[in-house]
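Q: Numbering (UniProt numbering), first residue to last: 1 to 309.
(1) Could you check if residue 350 is buried or exposed, using at least 16 other CB atoms within 10 Å of its CB as the buried criterion?
(2) Should residue 15 be labelled buried (16 or more other beta-carbon atoms within 10 Å of its own) or exposed?
(3) Quick one: does residue 23 have its CB under 8 Å from some CB of chain C?
(4) Would you give the residue range spanned by the alpha helix (DSSP H) that residue 151 belongs to?
(5) Use the C-beta contact count for residue 209: other C-beta atoms within 10 angstroms, 16 or more gives buried, fewer gives exposed.
(6) Candidates 114, 105, 54, 183: which alpha carbon is nearest residue 245's?
(7) When DSSP labels each residue in this structure, what does residue 72 get in the three-state scheme?
(8) Could you check the C-alpha separation between residue 230 and residue 165 for me, to the nearest Å?
(9) Which residue wins for smallest C-alpha separation from residue 89, given the options 26, 138, 149?
(10) Does the beta-carbon of residue 84 have 16 or more other beta-carbons within 10 angstroms, so that it is buried, or is it exposed?
(11) Would residue 227 and residue 240 be called neighbours here (beta carbons separated by less than 8 Å)?
(12) In the DSSP assignment, find the alpha helix (DSSP H) that holds residue 306 and state where it starts and stops.
(13) On the criterion of 16 or more Cβ atoms from any shown chain inside 10 Å, does residue 109 qualify as buried, or is it exposed?
(14) Assuming residue 57 contacts residue 13 under a Cβ cut-off of 8 Å, what Cβ separation, rounded to an integer in Å, is found between them?
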């Protein structure tokens with residue numbers, strides 16, 4: 001059942017875009033606020049508005065909030081191409097292919113790591129929300145590589161703590177456009193949702209602290225292969241930070257990559273791969289490390305870049 005809210009605009013929101021004001025007032029994402037506005041469910045002093053309209057203190061706001069979306073449910077079906085790098089009673093380390101999300105989310109209809117594991121007969125921890133059971137960290141749907149999932153409850157709690165305390169070694173490699181200067185460096189810039197509300201993220205004042213360390217593996221004529229160590233784990237962090245220093249991941253058109261270069265290399269997604277994952281085993285206490293080889297599309301693109309240099 002829809003929820004109708006009527007209230008005056010607080011003085012503290014004077015001059016804000018209405019989509020941003022709704023997001024702050026009702027705890028919505030900017031994208032969801034924009035959808036509600038586009039549906040005609042927002043009136044400001046009795047008239048419909050566009051998402052870019054500005055509000056002024058004391059104006060009367062009427063909002064019809066849709067019912068909250070129901071939590072998506074994992075679909076247990078095997079995922080073609082998803083390999084297992086390691087498995088025991090506590091953890092399973094998967095080699096995630098392209099086009100696979102970590103777990104179900106509203107709006108995602110494709111395959112998931114969680115659903116793939118369940119569909120192949122693997123058990124996972126029951127801790128966490130139903131749609132994220134066993135998931136202790138995530139990779140973007142179009143980022144490939146090593147990802148650990150908890151199978152036991154003790155593994156879930158200890159791995160969640162390890163990721164929170166940043167004791168997990170997450171290593172990525174990215175092929176970025178051009179040549180970063182310096183060749184080895186750190187990007188320390190806060191990240192939050194992009195002001196456009198289109199699902200992207202951006203470096204935003206007041207965003208969550210985000211730190212990315214990078215080191216050059218090899219420089220080519222048109223691009224540079226980087227080894228990347230994440231100190232924090234924000235959504236799209238590497239993609240956002242590389243774009244922010246004007247060296248987006250090759251093929252990452254959402255963050256400013258050159259479509260001509262991507263087409264020449266046969267890339268339909270960002271060249272970004274989780275190559276290594278190391279952490280203290282949650283029950284044995286020993287340090288374990290897992291590696292994922294480049295998938296076919298990234299390996300082929302890298303060969304072309306090397307041949308052109």
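Just so you know, even glycine gets a beta-carbon here, dropped at the ideal spot from N, CA and C. Keep in mind that this is a model prediction, so the values were computed, not measured.
A: Reading it off the structure:
(1) The question about residue 350 has no answer here: the residues shown for the chain are numbered 1 through 309.
(2) exposed
(3) The displayed structure is made up of one protein chain only, and chain C is not part of it.
(4) Per DSSP, residue 151 belongs to no alpha helix (DSSP H) and is neither H nor E.
(5) exposed
(6) 183
(7) coil
(8) 13 Å
(9) 149
(10) exposed
(11) no
(12) 296-308
(13) exposed
(14) 7 Å
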